[in-house]
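Those letters in the sequence shown? Residues 318 to 439, per this note's numbering, in order.
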Amino acid sequence: MTGEETPVRRILVIDDEAAVRSMLSRALALWQFETVAVPTAEEGLARLRAGERFACILLDLTMPGMGGEAALREIEAVAPGTPVALMSGFPRDDLAGQGRHFIAKPFDLETLHSLLERLAGP
């Protein structure tokens, strides 16, 4: 693989909770995804602006600093077309009506795996 190729199953996890990042990284590795996990939206956006590409982004909605909704707008500008799944421990029924992918915390791992297979491909 050359340095310019992006692994098809590379996922960016943006979540301020270390335990969530760790759990997601372990689960994604079991499912054969390469994972980059960062604690802030600013760090995730810096990676995207530096040219890193991902098959999918898992984005927490409630974080200190730049929140998930502001980050989502930036992600859509910097990496248009990259699927984003939004995560929160708070109900967000409004997101489905907007055509957004949403997964509630605590995670049902089968549901998360199914969503990632759809968004990030085989």
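Beta carbons are placed, not taken as given, at the ideal position from N, Cα and C, and that holds for glycine.
Keep in mind it's a predicted model, so treat the numbers as computed, not measured.
| query | Can you tell me whether DSSP reads Ala402 as helix, strand or coil? | reply | By 1-based counting over the sequence shown, the position of residue 402 is 85. Ala402: strand per DSSP, three-state reduction.
| said: Need the endpoints of the alpha helix (DSSP H) that Leu375 sits in, please. | reply: As a position in the sequence shown, residue 375 is number 58, starting the count at 1. Not the alpha helix (DSSP H): Leu375 falls in the beta strand (DSSP E), residues 373-377.
| Through-space distance from Leu362 to Gly320, alpha-carbon basis | Counted from its first residue, the sequence shown places residue 320 at position 3. Counted from its first residue, the sequence shown places residue 362 at position 45. With a pLDDT of 44 at Gly320, under the threshold of 50, the modelled position of this residue cannot be trusted, and the question is left open.
| request: Measuring alpha carbon to alpha carbon, tell me which of Thr357, Ala394, Met340 ends up nearest Arg366. | output: Walking along the sequence shown from the start, residue 366 turns up at place 49. Between Arg366 and the set Thr357, Ala394, Met340, the nearest pair of CA atoms involves Ala394.
| task | Would you decide whether Thr323 is buried or exposed? Buried here means 16 or more other CB atoms lie within 10 Å of its CB. | result | For the purposes of this step, residue 323 is taken as residue 6 along the sequence shown, with counting starting at 1. Low local confidence applies: a pLDDT of 48 at Thr323 is under 50, so the model's placement there is unreliable, with the coordinate-based value given in what follows. Thr323 counts as exposed, since fewer than 16 other C-beta atoms from the protein chains shown sit within 10 angstroms of its C-beta.
| request: Determine the direct distance from the alpha carbon of Leu375 to that of Val436, and round the result to whole angstroms. | output: For the purposes of this step, residue 436 is taken as the residue at position 119 of the sequence shown. For the purposes of this step, residue 375 is taken as the residue at position 58 of the sequence shown. Per the sequence presented here, residue 436 reads as Leu, with Val not at that position. Separation of Leu436 and Leu375 (C-alpha to C-alpha, rounded to the nearest whole angstrom) is 11 Å.
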